[in-house]
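Scroll down for the structure; my scribbles are underneath it.
2 protein chains.
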Amino acid sequence: MAEPAKSSPLSELRIALPSLPMRLQEVGRFVAANDYDATTRSMRDLAAVAGADPAAFTRLAKAIGYSGWDELRAALTEARRPLQLAPFSVRAKSRRHGPNADVALVTDKLDAEAAGLLRIPAQPIAEAARALHIAKRIWITGYRSCRSVAELLNYELRLFRPDQVQIVGGSGPDDLDLGAFRPGEAVIVIGFLPYTHASVRVVQAAYRAGATLIAIADSVAAPMAEGADHVLLFEAASSPGFFPSLTGAIAIAQSLAAVTFSLGGTAAKKRLQDTEVRLAAASTYVSEKG
Amino acid sequence: MAEPAKSSPLSELRIALPSLPMRLQEVGRFVAANDYDATTRSMRDLAAVAGADPAAFTRLAKAIGYSGWDELRAALTEARRPLQLAPFSVRAKSRRHGPNADVALVTDKLDAEAAGLLRIPAQPIAEAARALHIAKRIWITGYRSCRSVAELLNYELRLFRPDQVQIVGGSGPDDLDLGAFRPGEAVIVIGFLPYTHASVRVVQAAYRAGATLIAIADSVAAPMAEGADHVLLFEAASSPGFFPSLTGAIAIAQSLAAVTFSLGGTAAKKRLQDTEVRLAAASTYVSEKG
DNA sequence: TCGGCCATGAAACATTTGTTGCACGAACTG
DNA sequence: CAGTTCGTGCAACAAATGTTTCATGGCCGA
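Residue numbers (the numbering used here), protein chains in the order written: chain A, 1 to 290; chain B, 1 to 290.
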């Protein structure tokens with residue numbers, strides 16, 4: 001049973017999270033999402049803000065293998081210590097460079113992205129899904145790298161709402177679609193810095209048409225968030241590397257699709273089955289047993 | 001009473017430093033040099049390491065206008081707080097509030113995906129990136145929902161290797177591209193259960209052509225993993241919900257692109273800059289200041 | 001040299017911190 | 001339905017934290 005490499009205490013925490021009791025999960029999520037405050041504020045302070053019992057923090061620490069909250073916090077503190085030349089306590093980090101600097105880059109990136117996921121607010125996604133549920137038609141927009149997110153969302157939503165979902169510009173010039181927005185329809189725009197002009201035009205068209213606007217963006221200050229009915233935030237710049245990260249946006253898109261599907265009830269389930277049957281009949285897939 | 005503009009607690013400290021008694025200067029310098037530990041360790045700990053009296057820290061804080069060490073430390077803590085989406089106080093309640101089933105679904109999904117990311121093995125990704133680095137040409141394949149991953153990878157890689165990367169079937173029937181694979185080229189295939197016939201054909205073609213095959217899949221038993229030079233695993237079924245999750249695949253794709261880019265060194269950096277300049281010139285993006 | 005002043009370290013203080021024992025209630029088991 | 005386990009909040013506990021007080025010793029002006 002090879003353990004999956006305990007890189008940081010936060011990783012351990014996040015891995016153990018799903019198998020923890022409910023209250024400990026809440027507290028664990030809070031710690032993961034607010035790890036900076038976890039290292040600086042006192043346990044009781046955190047408990048007050050998180051709305052939990054102080055004892056829960058001690059129990060959480062023990063549940064994931066530490067002797068107590070103090071030890072967990074110490075580990076978190078060391079993990080987020082900035083690199084420096086003259087070490088406070090001599091502690092050489094063997095990663096960072098060497099023959100496996102690449103591996104370290106990957107590990108750091110994945111860890112940062114996992115942390116980013118836990119900071120995504122869940123409530124707005126659920127609300128946006130309700131808006132999608134009642135929308136007569138759903139338009140999806142995303143340019144450049146965000147196009148991939150748009151297409152995934154389009155794909156998943158079409159699995160159970162085949163003829164009510166489409167990508168803006170998916171079948172012709174974007175401008176034609178802009179004029180087709182109607183009240184009662186929903187328009188989803190995905191984008192982050194730097195923002196494209198095209199996406200801003202879509203937002204304006206949606207606003208003018210009186211359609212429900214859902215923005216998936218990296219900042220409330222994003223142009224597409226202006227006047228949006230639902231703003232779903234993720235961290236694009238959190239992870240090390242050179243390109244903005246789309247992991248958060250993808251996770252939001254998938255959650256959105258999942259909740260919308262569950263709101264669809266049996267009707268949605270039936271349409272999904274129909275779609276699956278059709279795909280199987282076209283022998284798109286390799287048969288399960290080889 | 002008008003204080004001379006408190007920029008940051010650290011600069012106040014440095015300004016006041018020369019006019020302080022000798023021992024307080026020592027302590028002040030220590031705090032300035034080790035401000036991270038100042039925010040995380042206890043006053044007594046710091047005193048022990050600095051070789052000073054605990055009381056000196058309280059006196060230092062008062063000497064530069066704070067009510068005590070606690071207040072100084074709080075200021076230091078706030079000063080080095082990383083940027084984030086919402087302030088600490090507001091963030092607490094937004095998650096998992098109320099007996100809301102939809103919100104719980106989203107939260108569970110995000111948790112599971114975060115944990116899934118941390119289970120992704122980093123080593124194979126770094127090795128695959130090296131293979132991409134030396135490849136003369138890179139082909140990318142992904143059908144159905146995996147198409148979005150393929151397109152993201154294509155987009156990011158083309159930013160710094162514009163004419164060496166393309167999606168299989170991106171410019172015509174897939175079959176035409178299958179015959180174009182050559183030794184020394186790399187073929188990336190993304191897929192998970194249920195596997196499409198088309199992706200298996202690509203794998204076979206790559207194998208026959210002697211190209212380097214990189215498979216991004218949810219299982220070593222996946223058809224596209226057979227005979228692959230590099231297999232990058234992620235968990236597609238880990239998260240609750242109804243569709244397989246692509247978050248892991250996206251994270252792998254982005255890590256792959258990031259490492260390949262960093263292997264590219266200055267040459268890659270230069271090409272990326274060229275691309276950015278071209279995009280800016282075409283005024284694709286909204287200018288930063290509005 | 002004396003007297004006042006200030007810097008300094010040690011010890012005592014009240015407070016806050018993390019921890020643990022206990023009781024209640026829900027969920028599961030036989 | 002009783003018996004058990006487990007998760008949870010509350011409250012008391014000992015340990016630690018930051019602060020204050022006090023005694024000491026060096027410094028400067030008279």
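From the three backbone atoms N, C-alpha and C, an ideal C-beta is built for every residue, glycine too.
To the nearest angstrom, how far is it from the Cα of residue i to the Cα of residue j?
i        : j        : result
A/THR196 : A/ASP111 : 29 Å
A/ALA237 : A/SER245 : 6 Å
B/ALA114 : B/ILE64  : 44 Å
A/LEU13  : A/VAL231 : 28 Å
A/THR266 : B/ASP102 : 16 Å
A/PHE242 : B/ALA33  : 30 Å
A/LEU118 : A/GLY28  : 10 Å
B/ASP53  : A/THR58  : 31 Å
A/PRO82  : A/LEU24  : 29 Å
A/GLN84  : B/ALA61  : For A/GLN84, the predicted model reports a pLDDT of 48, less than 50, meaning its position is unreliable and no value from the coordinates is stated.
B/PHE30  : B/LEU46  : 9 Å
A/ALA280 : A/GLU151 : 22 Å
B/PHE234 : A/CYS146 : 22 Å
B/LEU132 : B/THR260 : 7 Å
B/PRO21  : B/TRP69  : 17 Å
A/PRO173 : B/ASP174 : 25 Å
B/PRO18  : B/GLY51  : 20 Å
A/ALA222 : A/ALA129 : 21 Å
B/SER262 : B/SER148 : 23 Å
A/VAL220 : B/GLU185 : 43 Å
A/ASP274 : A/GLY264 : 15 Å
A/ILE214 : B/ALA217 : 31 Å
A/ASP229 : A/THR212 : 6 Å
A/ILE125 : B/VAL106 : 7 Å
B/GLY210 : A/VAL49  : 59 Å
Can you tell which of the options has its C-alpha closest to the C-alpha of residue i?
i        : options                                   : result
A/PHE192 : A/ALA225, A/GLN204, A/PRO173 and A/ARG137 : A/ALA225
B/ARG80  : B/LEU10, B/ARG119 and B/THR107            : B/LEU10
B/THR284 : A/THR260, A/LEU263, A/PRO194 and A/GLU151 : A/PRO194
B/SER42  : A/GLU26, A/PRO21, A/THR77 and A/ILE15     : A/THR77
B/TYR66  : B/LEU213, B/ALA16 and B/GLN273            : B/ALA16
A/ALA180 : A/GLY248, A/TYR207 and A/LEU263           : A/TYR207
B/LEU176 : B/ASP163, B/PHE160 and B/ALA198           : B/ALA198
A/LYS270 : A/VAL187, A/SER8, A/PRO162 and A/PRO18    : A/PRO162
B/GLY227 : B/ALA48, B/ILE120, B/THR247 and B/VAL187  : B/VAL187
B/ALA122 : A/ILE125, A/ALA104, A/ILE134 and A/GLY116 : A/ALA104
A/PHE160 : A/ARG278, A/LEU272 and A/GLU276           : A/LEU272
A/GLU26  : B/PRO124, B/ASP108, B/VAL49 and B/GLU26   : B/ASP108
A/ARG137 : A/GLU127, A/GLY116, A/ILE120 and A/PRO183 : A/PRO183
B/ILE134 : B/GLU276, B/ALA282, B/ALA268 and B/VAL286 : B/ALA268
A/ALA258 : A/VAL277, A/VAL203, A/LEU178 and A/GLU127 : A/GLU127
Show which residues of chain B have a CB atom less than 8 Å away from the CB atom of residue i.
i        : result
A/LEU246 : LEU152, ILE250 and GLN254
A/ALA126 : ASN100, ASP102, VAL103, LEU105 and VAL106
A/HIS197 : SER283, THR284, TYR285 and VAL286
A/TYR155 : ARG144, SER145, ARG147 and SER148
Counting only Cβ pairs nearer than 7 Å, list the residues of chain A close to residue i.
i        : result
B/VAL31  : Residues of chain A passing the Cβ test: none, with the nearest at roughly 12 Å.
B/GLU26  : Here the premise fails: no neighbours, minimum Cβ distance about 16 Å.
B/PRO82  : TYR36
B/ARG147 : GLU151
B/ALA228 : Simply none; closest approach about 16 Å.
B/VAL200 : VAL286
B/THR39  : THR40
Name, please, each residue of chain A whose Cβ falls closer than 8 Å to the Cβ of residue i.
i        : result
B/PRO21  : Ordered by position in chain A, no residue passes the 8 Å Cβ test against B/PRO21, which lies about 25 Å from the chain.
B/ALA129 : ASP102
B/PHE57  : What B/PHE57 touches in chain A: nothing, since even the nearest Cβ is about 16 Å away.
Residues of chain B with CB closer than 9 Å to the CB of residue i, please, in chain order.
i        : result
A/VAL231 : What A/VAL231 touches in chain B: nothing, since even the nearest Cβ is about 11 Å away.
A/SER42  : What A/SER42 touches in chain B: nothing, since even the nearest Cβ is about 11 Å away.
List the residues of chain B that residue i touches, going by C-beta distances under 7 Å, in chain order.
i       : result
A/LEU17 : ASP111 and ALA115
Would you list, in chain order, the members of the segment 257 to 279 of chain A that have their beta-carbon closer than 7 Å to a beta-carbon of chain B? ALA257, ALA258, VAL259, PHE261 and SER262
Residues within the segment 62 to 80 of chain A neighbouring chain B, beta-carbon criterion of under 8 Å: Answer in chain order: THR77.
Three-pair Cβ contact test at 8 Å for the segment 32 to 40 of chain A versus the segment 71 to 78 of chain A: Per the Cβ contact rule, the segment 32 to 40 of chain A is in contact with the segment 71 to 78 of chain A (3 or more Cβ pairs under 8 Å).
The segment 154 to 171 of chain B in contact with the segment 248 to 265 of chain B per 3-pair CB rule at 8 Å: yes
Sufficient close CB pairs (3 or more, under 8 Å) joining the segment 129 to 147 of chain A to the segment 159 to 167 of chain A: Touching, per the Cβ criterion.
With 9 Å as the C-beta to C-beta threshold (strictly closer), list the residues of the segment 100 to 120 of chain B near chain A in chain order. For the segment 100 to 120 of chain B, residues whose beta-carbon sits nearer than 9 Å to a beta-carbon of chain A comprise ASN100, ALA101, ASP102, VAL103, ALA104, LEU105, VAL106, THR107, ASP108, LYS109, LEU110, ASP111, ALA112, GLU113, ALA114, ALA115, GLY116, LEU117, LEU118, ARG119 and ILE120.
Positions along the segment 165 to 190 of chain B whose CB lies within less than 9 Å of some CB in chain A: none
Near-chain A residues of the segment 213 to 225 of chain B - C-beta to any C-beta below 9 Å: ALA221 and PRO223
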